[in-house]
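**Q**
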Amino acid sequence: MAWSEKRPNGRYRGAYRDRGGTIRYVRGTFSQPAEAKREAHEAENSQRRPGAINLDGARMPWGSWVDQWLGDWTAEPSTRARAVSCIEQHIRPHWGAVPLDEIESDAIKSWVKLLRKTQAKGTKKGEEPKLLAPRTINKIVTTFGTTLRGAVDRRLLAVSPSAGIKLETVTADDEYFMTRAEVARFREVAAEDSEQIDLLIDIGTETGLRWGELAGLHLERVDTKRLVIQVQEVWDKHSNEIKPYPKGRRRRGVPITRRLAGRIDDYVERNQPKRCRARHRGGGRCTGALLLASKVGTPLNYGNVRRRHWDSVAERAGLAGVTPHDMRHAYASWLIQDGAGVEMVSALLGHKSWTDHHALRAPGGCPLGTGARHHRRPGTDSG
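When the count follows the UniProt record's numbering, it moves up by one through the sequence shown with no breaks and lands on 383 for the last residue.
Written out as structure tokens, the structure is:
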């Protein structure tokens, strides 16, 4: 049965016993004893219904819960690494000690406002401090919401307090789309530095492959006679292995021009790619060769390429701050400029649906290439 208790301040709180006989109190106090008792009665009934939440578990600090959640969560190593980074850098410092049942929607909204005022890491000396990008904030809030939905699934919470939190709409305003003329200049400078980097830029801007797809591209997947690249093996830097499928677990074919096919044939003839020495998921020795590899046959290291070649080449070409991911943006924008439909572009990029990536459209919802070009200062990689 439920009852009310008078507090020293003259207000009342509702009390009841759960199914285990433990005395529980409803949250808040009330001016009338009948009101307090009514709330306690409702809470008591809720606890006796099938699927009722675990009140002891609900008092668990979010930090303890997320450690459990991560232990049970099955995800790609790269996905897990990004989530853990989000949690440790931005979520745990704020929510780690807060009990699950004390996390409220209004508190989450206030936290999001704080995130919008938070300085991003990586600002170089002498540069103006940069705030977290809207896309980064959305990823942080989405990750937090995922952990709370997990608590709902485990009956630690009745509903997720993050439900209904509106994320900021991310436009293409912070994307950079290289023109064909800029890429031609970029490649011209790259050719003076490294034939491999020149070919990397050529393939990247002509196919839109992600970095891991470029680094894991095996020679046997390049059909220069049929003019197609089969995107299948992908380098995962987080697990330090090649996995047998791209993002979304969907293999795809990407057409290439006869010109690019000829360039690849010439490169292979002159350089004779070495056998792939990367570890492949599932074990087994790879008998193939990577098209673009290090001197010892391992996948190109993103950081090394940036430091040793890419950044200096970009600066000399007047494109300082452009990142390898911008090749993907360029590919998408050129396709749409040439009249390709958004659905086709999405399929070639390897998205699950055409709504997966905002970069398929320019600011204001206009197709890319219709007068929308330098939408951001180059230098920021994105999804």
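We put the beta carbon where it would ideally sit given N, CA and C, even for glycine. Just so you know, these numbers come straight off a predicted model, no measurement behind them.
Apart from the five residues on each side of it in sequence, which residues of its chain come closer than 6 Å, Cβ to Cβ, to leucine 335?
**A** Val345
**Q** Can you give me the Cβ contacts of aspartate 356 inside the same chain, cut-off strictly under 8 Å, excluding the 5 residues immediately before and after it?
**A** At aspartate 356, the pLDDT of 48 sits below 50, so the modelled position is not reliable; the number obtained from the coordinates is stated separately. Ser346.
**Q** Any idea if aspartate 34 is buried or exposed, counting beta-carbon neighbours within 10 angstroms, 16 or more meaning buried?
**A** Reading off the sequence, residue 34 comes out as alanine, not aspartate. It counts as exposed.
**Q** With 16 other CB atoms within 10 Å as the buried threshold, where does glycine 51 fall?
**A** Here glycine 51 scores only 48 on pLDDT, less than 50, and its place in the model is too uncertain to base an answer on.
**Q** CA-CA distance, arginine 27 and aspartate 236?
**A** 47 Å
**Q** Confirm, please, whether the CB-CB distance from valine 313 to aspartate 153 is below 7 Å.
**A** Cβ atoms of aspartate 153 and valine 313: not closer than 7 Å.
**Q** Which of helix, strand or coil does DSSP assign to alanine 163?
**A** coil
**Q** Nearest to isoleucine 197 by alpha carbon, out of Ile264, Arg155, Pro244?
**A** Ile264
**Q** Within its chain, find whatever has a CB closer than 7 Å to the CB of isoleucine 108; leave out the 5 residues flanking it on each side and keep chain order.
**A** Pro161, Ser162, Ile165
**Q** I'd like the list of long-range same chain contacts for threonine 205, defined as Cβ closer than 6 Å, with 5 residues on each side in sequence excluded.
**A** Val183, Met327, Ala330, Tyr331
**Q** Taking the C-alpha atoms as reference points, what is the distance between glutamate 102 and tryptophan 95?
**A** 10 Å
**Q** Evaluate threonine 380 with the Cβ neighbour count: other Cβ atoms within 10 Å of its Cβ, from every protein chain shown; 16 or more gives buried, anything less gives exposed.
**A** Confidence in threonine 380 is poor, its pLDDT being 44 and thus under 50, which makes the residue's placement unreliable; the coordinate value appears in the next sentence. Flag for threonine 380 reads buried.
**Q** Given lysine 6, which residues of its chain have a CB within under 7 Å of its CB, disregarding the five upstream and five downstream residues?
**A** Cβ neighbours of lysine 6 beyond the five flanking positions: Tyr12.
**Q** If you check the beta carbons only, do alanine 40 and alanine 75 fall under 7 Å apart?
**A** Cβ distance not < 7 Å, so alanine 40 and alanine 75 don't count as in contact.
**Q** Based on Cα-Cα distance, which residue from Trp69, Tyr176, Pro299, Pro93 lies nearest to lysine 243?
**A** Pro299
**Q** Spatial neighbours of tryptophan 3 within its chain, please: CB distance less than 8 Å, with the 5 preceding and 5 following residues excluded, ordered by chain position.
**A** Gly14, Ala15, Tyr16, Lys37, Ala40
**Q** Below 8 Å, can you find three or more Cβ-Cβ pairs linking the segment 276 to 284 to the segment 241 to 255?
**A** yes
**Q** Between alanine 151 and valine 296, what straight-line distance do the alpha-carbon atoms span, to the nearest angstrom?
**A** 47 Å
**Q** Could you check what DSSP says for threonine 380 in three-state terms: helix, strand or coil?
**A** For threonine 380, the pLDDT reaches just 44, beneath the cut-off of 50, and the residue's location in the model is therefore unreliable, leaving the point undetermined.
**Q** With DSSP as the reference, please indicate the residues paired to tryptophan 3 in a beta bridge.
**A** DSSP, once it has assigned bridges, lists Ala15 as partnering tryptophan 3.
**Q** Can you list the alpha helix (DSSP H) stretches of 4 or more residues lying completely in the segment 181 to 216, in chain order?
**A** 195 to 207, 211 to 215
**Q** Identify, in the order they occur along the chain, each residue of the same chain with its Cβ nearer than 7 Å to the Cβ of cysteine 86, setting aside the five sequence neighbours on each side.
**A** Lys139, Ile140, Thr143
**Q** What did DSSP end up calling proline 255 once you bin it into helix, strand or coil?
**A** strand
**Q** Based on DSSP bridge pairs, tell me the residues matched to leucine 291.
**A** Looking at the DSSP assignment, leucine 291 forms no beta bridge with any residue, so it has no partner.
**Q** Grab me the residues of proline 255's own chain with a C-beta within less than 7 Å of its C-beta, minus the 5 sequence neighbours each way, in chain order.
**A** Excluding positions up to five away in sequence, the list reads Leu227, Val228.
**Q** Please return the same chain residues whose Cβ sits closer than 6 Å to the Cβ of arginine 116, not counting the five positions on each side in sequence.
**A** Non-local C-beta neighbours of arginine 116 in its own chain, meaning closer than 6 Å and more than five positions away in sequence, are absent.
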